[in-house]
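Enquirer: So that we are looking at the same thing, I have put the structure below in structure tokens.
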Amino acid sequence: MDKHLLIIGHAPSPNTHTLLKTINDASNKSQCTVTSLSAFDTTPEHIIQADAVILFTPENLSYMSGAMKDMFDHCYYPVLEKKQGLPVAAIVRAGHDGTGTVHALPTIQLP
5 MDKHLLIIGH APSPNTHTLL KTINDASNKS QCTVTSLSAF DTTPEHIIQA DAVILFTPEN
65 LSYMSGAMKD MFDHCYYPVL EKKQGLPVAA IVRAGHDGTG TVHALPTIQL P
């Protein structure tokens, strides 16, 4: 059975783009199908089709990027009941300590 990994990222700067490319390159060496999308382009259907998700966001003003928050605003409720228990990992690129974003993500109660 082929597993599908979805990488949802927001990489507005050269440094974050390099990190996201590294995540994509490493994931493509796995034995699963990998789809990498901008947070702006992600739809509930993309998440519903995924067997696991990696979220990549820079920390802006002690919170996830606006693009990632926008993705949650559009996708959270349509997938909530359909993807309970979906494995999710988050990678936060922080200029300071990243704790604001790291503390915020679990309060969203990812599916």
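According to the working numbering, the sequence shown is numbered sequentially starting from 5. Heads up, the beta-carbon is just placed ideally off N, CA and C, and yes, glycines get one too.
(1) Do residue 40 and residue 59 have their C-beta atoms within less than 9 Å of each other?
(2) Starting from residue 85, trace the beta strand (DSSP E) in both directions and tell me its first and last residue.
(3) To the nearest angstrom, how far is it from the Cα of residue 33 to the Cα of residue 92?
(4) In the DSSP output, what is residue 109 paired with across the bridge?
(5) Would you say residue 102 lies against chain B (beta-carbon separation less than 9 Å)?
(6) Give the secondary structure of residue 69 by DSSP, where H, G and I count as helix, E and B as strand, and everything else as coil.
(7) Am I right that residue 36 and residue 9 are in contact with their C-beta atoms under 8 Å? What's the rounded C-beta distance?
(8) Taking just the CA atoms, how far does residue 57 sit from residue 51?
(9) Would you report the Cα separation of residue 69 and residue 46, rounded to the nearest angstrom?
(10) Could you spell out where the beta strand (DSSP E) holding residue 64 opens and where it closes?
(11) Which residue wins for smallest C-alpha separation from residue 6, given the options 53, 87, 77?
Expert: Let me spell this out:
(1) No. Outside cutoff.
(2) First-last for residue 85: undefined, no H or E at that position.
(3) Using only the alpha carbons, I get a separation of about 19 Å.
(4) Residue 109 is not bridged to any residue.
(5) Going by chain labels, chain B is absent from the structure shown, which holds only one protein chain.
(6) Here DSSP, grouped into helix, strand and coil, assigns residue 69 to coil.
(7) In this structure residue 36 touches residue 9 by the C-beta definition: roughly 5 Å separates them, less than 8 Å.
(8) Straight-line Cα distance between these residues: approximately 8 Å.
(9) Distance from the CA atom of residue 69 to the CA atom of residue 46, rounded to whole angstroms, is 14 Å.
(10) Its beta strand (DSSP E) spans residues 56-64.
(11) The shortest Cα separation from residue 6 among 53, 87, 77 belongs to 53.
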